[in-house]
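All remarks here apply to the structure that follows.
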Amino acid sequence: MSQWPDTRILDLLGIELPIIQGPMAGATNSAMVIAVCNAGGLGSMPAAMLSIEQLREELQTIREHTRKPFNVNFFCHQPPAADEQRARDWKNLLEPYYRELGVDFDAPTPVSNRAPFDAAACAVLEEFRPEVVSFHFGLPEKSLLDRVKATGAKILSSATTVDEAVWLEQNGCDAIIAMGYEAGGHRGMFLSDDLSSQVGTFALVPQIVDAVKAPVIAAGAIADARGVAAALMLGASAAQVGTAYLFTPEAKVSASHHQALRTAKESETAITNLFTGRPARGILNRVMREIGPMSAKAPAFPLAGGALMPLRAKSEAQFSNLWAGQAFPLGKELSSAELTRELAQGALAKLVRH
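Anchor point for the sequence shown: position 323 equals 323 in full-length UniProt numbering, and the numbering is continuous, going up by one each time.
Written as structure tokens, this is what we have:
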């Protein structure tokens, strides 16, 4: 497909179609990544919830089933200091739910964890040498980033503001993911924790395109070919699509998440920090409605989820995160390969027609 208006991402990453499957920790495994890569897009393997052994197994599987470039995604947050008082206050806020569901309130609180990129993960990258490595919440410290770059990997990271995009380019990113406020999952914000600074996708993309020389990947509220075409017309070189892939058979989503994606209204998502301690967009459920989607009592990322784990075990739909972007009602029941091709072919048809 040589008719694409901007082939910089295709050339940079060695892919055929300007479609990047968003890395969705917990929902994406090697099967989805392989399907997207073999269809011509860029599959993305999220590593934040994997042990080093699990990461190695998934990358081995990907390498065995595709010769195409693929992406591995990491969080690069700083683990928080312990705050026992905040943890107690948070659990006390949830106590009525423990009593209602018959959960032992005095039992030790489970630990909720999402691992930041570290030397052990870097060693796995040096072993498997994925063509693309992406980060969320900024970039890792320079010595680790230099090691990743030394493998030949192209570096991507998410920017939620123009300032973040400029910072990422100055600090070694080869391409910038412009993550609009509509996007599902964790906000990639890292220069500020002020949610009022967050910008919608189709206002953010052209401003980042104008501010950096690196190619830009649009993310957020892109779930069909129309969204891909619109993003490319605004100057993006590619589109990153996440939530639409949750409708594919390769997605590993719970029964309650599956149900919510197919029945909730388009107005029923919100930014919440209840499930991890960091702002993320998901479909509203009971705990978000009753406590409010944002709570100052939620422990710092990624610890907030621990106290919710026993409640989630009793009632997943009411107490688990149901990550989704605002365009989730556009999702279709397609395979990951079919979705990748439909997004690209439909977008190109619209761009050529215009």
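Idealized CB from N, CA, C, for every residue including glycine.
Whole-angstrom distance between residue j and residue i, CA atom to CA atom
{"i": "Pro215", "j": "Glu84", "result": "44 Å"}
{"i": "Arg67", "j": "Met288", "result": "43 Å"}
{"i": "Ala296", "j": "Ala270", "result": "16 Å"}
{"i": "Lys154", "j": "Leu13", "result": "7 Å"}
{"i": "residue 372", "j": "Gly188", "result": "Because residue 372 is not part of the residues shown, which for the chain are 1 to 354, the question remains open."}
{"i": "Met1", "j": "Ala221", "result": "Confidence in Met1 is poor, its pLDDT being 45 and thus under 50, which makes the residue's placement too unreliable to answer from."}
{"i": "Ala150", "j": "Ala123", "result": "12 Å"}
{"i": "Gly331", "j": "Ala280", "result": "19 Å"}
{"i": "Leu204", "j": "Leu195", "result": "15 Å"}
{"i": "Ser51", "j": "Val352", "result": "45 Å"}
{"i": "Val133", "j": "Pro110", "result": "30 Å"}
{"i": "Glu250", "j": "Ala317", "result": "21 Å"}
{"i": "Ala344", "j": "Ala82", "result": "46 Å"}
{"i": "residue 357", "j": "Leu17", "result": "No information on residue 357 is available, as it lies outside the stretch 1 to 354 that the chain covers here."}
{"i": "Pro206", "j": "Gly346", "result": "22 Å"}
{"i": "Ala47", "j": "Arg56", "result": "10 Å"}
{"i": "Ile9", "j": "Ile15", "result": "8 Å"}
{"i": "Ile62", "j": "Asp6", "result": "28 Å"}
{"i": "Lys314", "j": "Gly200", "result": "36 Å"}
{"i": "Pro96", "j": "Pro302", "result": "23 Å"}
Top-ranked residue by Cα proximity to residue i, from the options
{"i": "Pro116", "options": "Gln78, Pro96, Pro108, Ile52", "result": "Gln78"}
{"i": "Glu333", "options": "Leu50, Ala347, Val72, Phe247", "result": "Phe247"}
{"i": "Ser256", "options": "Ala324, Pro130, Glu182, Lys213", "result": "Ala324"}
{"i": "Phe128", "options": "Trp167, Gly152, Leu17, Ser315", "result": "Gly152"}
{"i": "Gln326", "options": "Leu94, Lys265, Ser254, Val228", "result": "Lys265"}
{"i": "Gly172", "options": "Val148, Ile19, Leu195", "result": "Val148"}
{"i": "Phe275", "options": "Leu168, Ala300, His258", "result": "Ala300"}
{"i": "Leu139", "options": "Pro108, Asp174, Pro110, Thr61", "result": "Asp174"}
{"i": "Asp163", "options": "Ala183, Phe135, Val133, Gln198", "result": "Gln198"}
{"i": "Lys252", "options": "Pro108, Ser30, Ile177", "result": "Ser30"}
{"i": "Ala238", "options": "Ser267, Ala244, Ala229", "result": "Ala229"}
{"i": "Phe190", "options": "Leu59, Ile15, Cys76, Ala183", "result": "Cys76"}
{"i": "Leu144", "options": "Pro130, Glu131, Leu125", "result": "Leu125"}
{"i": "Ser320", "options": "Ala347, Phe328, His258, Pro329", "result": "His258"}
{"i": "Met294", "options": "Trp90, Thr28, Ser336, His136", "result": "Trp90"}
{"i": "Asp118", "options": "Leu101, Asn92, Asp146", "result": "Asp146"}
{"i": "Ala27", "options": "Glu342, Met45, Trp167", "result": "Met45"}
{"i": "Glu64", "options": "Ala87, Pro80, Gly43, Ile34", "result": "Ile34"}
{"i": "Val130", "options": "Pro329, Ala244, Cys37", "result": "The sequence shown places Pro at residue 130, rather than the Val named in the question. Among Pro329, Ala244, Cys37, the Cα nearest to that of Pro130 belongs to Cys37."}
Distance CB(residue i)-CB(residue j) smaller than 9 Å
{"i": "Gly242", "j": "Met32", "result": "no"}
{"i": "Phe70", "j": "Ala121", "result": "no"}
{"i": "Ala304", "j": "Gly282", "result": "no"}
{"i": "residue 360", "j": "Leu322", "result": "This structure gives no information on residue 360, because the portion of the chain shown stretches from 1 to 354."}
{"i": "Gly185", "j": "Phe202", "result": "no"}
{"i": "Gly40", "j": "Gln21", "result": "no"}
{"i": "Leu93", "j": "Ile217", "result": "no"}
{"i": "Ala165", "j": "Ala307", "result": "no"}
For residue i, three-class secondary structure by DSSP
{"i": "Arg281", "result": "strand"}
{"i": "His77", "result": "coil"}
{"i": "Ala337", "result": "helix"}
{"i": "Ala47", "result": "coil"}
{"i": "Gln3", "result": "coil"}
{"i": "Gly227", "result": "helix"}
{"i": "Gln259", "result": "helix"}
{"i": "Lys154", "result": "strand"}
{"i": "Leu109", "result": "The residue asked about is misnamed: residue 109 is Thr in this sequence, not Leu. Here Thr109 sits in coil by DSSP."}
{"i": "Pro116", "result": "strand"}
Exposed unless 16 or more other CB atoms sit within 10 angstroms - verdict on residue i
{"i": "Asp193", "result": "exposed"}
{"i": "Lys142", "result": "exposed"}
{"i": "Thr263", "result": "exposed"}
{"i": "Arg312", "result": "buried"}
{"i": "Gln54", "result": "exposed"}
{"i": "Arg114", "result": "buried"}
{"i": "Ala225", "result": "buried"}
{"i": "Pro108", "result": "exposed"}
{"i": "Glu169", "result": "buried"}
{"i": "Gly102", "result": "exposed"}
{"i": "Gln60", "result": "exposed"}
{"i": "Gln240", "result": "buried"}
{"i": "Glu268", "result": "buried"}
{"i": "Ala349", "result": "exposed"}
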